[in-house]
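A short write-up of the structure that comes next.
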Amino acid sequence: MGRVKIQMKTIEDRPQRNIAFAKRKSGLLKKAYEIATLCDVPVLLVMFSPSGKLFLYDAKTRIEETLQNYLDLGCYVPGRHPLPDEPYVRRWIHQMRLESQHKDSRENSDDGVRHKTRSKTIENAIDDCNVKLANVEQQLGYFLKNPNQWKSRAEVDFQEKLLQNTLDQVRYRKQLLEVESKVFDALG
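Residue 152 in this note's numbering sits at position 152 of the sequence shown, and the numbers go up by one each step.
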């Protein structure tokens, strides 16, 4: 049985759109990683999910450096269209650099109150992350024997693909059973 050709148009059903994004996002991230690794080129991938969540992939350099290299090319490079919001992107890069410098200067500050407040904020953020991690591990535990057995992103991506393939097979089997049931009902 061959694959059905997908029409290139916006998916109207919001849950289906989110599912399609989730499936294709991992493939796109994999391709970005592959081209960055195999060709030793800087790759920057910026995506927003249908729900508005930001996904960034930057292989080897910092995001600001990659964007700055792009902007430094200038508007008159053959084959490159001028960036429509180039001033906005430059301001964004500048703001990111300032925030980074400001963060470094605050960390080096001798002000005890600010340091205590900052460390409390960081501790709270770490606690929140630990709670979220525990919830995710618990949810994964329903499907996996030991969610901590994979130590790299590649291993997790591989397991995700296996799970996705299994789900696809289950869905396919369900469709076959539904068709068989309809045929049986029509005959009986």
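Here a beta-carbon is modelled for each residue, glycine too, at the ideal position from N, C-alpha and C. Computed from a prediction, not measured in an experiment: that's the story for all the values here.
#1: Please list the terminal residues of the continuous alpha helix (DSSP H) segment that includes V46.
#2: Pull up the distance between the alpha-carbon of K5 and that of R153, whole angstroms please.
#3: Between which two residues does the alpha helix (DSSP H) containing D157 stretch?
#4: Express the C-alpha separation of D40 and E34 in angstroms, rounding to a whole number.
#5: Reducing DSSP to helix, strand and coil, say where D40 ends up.
#6: With distances taken Cα to Cα, identify the nearest neighbour of N69 among L54, E155, P42.
#7: Straight-line CA distance for R62 to V179?
#8: Helix, strand or coil for V77 per DSSP?
#9: Would you kindly work out how many angstroms separate the C-alpha atoms of L38 and S26, rounded to a whole number?
#10: For L67, count the other beta carbons within 10 Å of its own beta carbon; 16 or more makes it buried, fewer makes it exposed. Which is it?
#11: Tell me whether A186 is buried or exposed, calling it buried when 16 or more other Cβ atoms sit within 10 Å of its Cβ.
#12: Classify A36 as buried or exposed, calling it buried when 16 or more other Cβ atoms lie within 10 Å of its own Cβ.
Reading from the atomic positions:
#1: Here V46 belongs to no alpha helix (DSSP H); instead the beta strand (DSSP E) covers 44–48.
#2: Each residue's alpha carbon lies about 31 Å from the other.
#3: For D157, the enclosing alpha helix (DSSP H) stretches over residues 153–187.
#4: Rounded to the nearest whole angstrom, the C-alpha separation of E34 and D40 is 9 Å.
#5: coil
#6: P42
#7: 52 Å
#8: Low local confidence applies: a pLDDT of 49 at V77 is under 50, so the model's placement there is unreliable, and no value is given.
#9: 18 Å
#10: buried
#11: So A186 counts as exposed.
#12: Flag for A36 reads buried.
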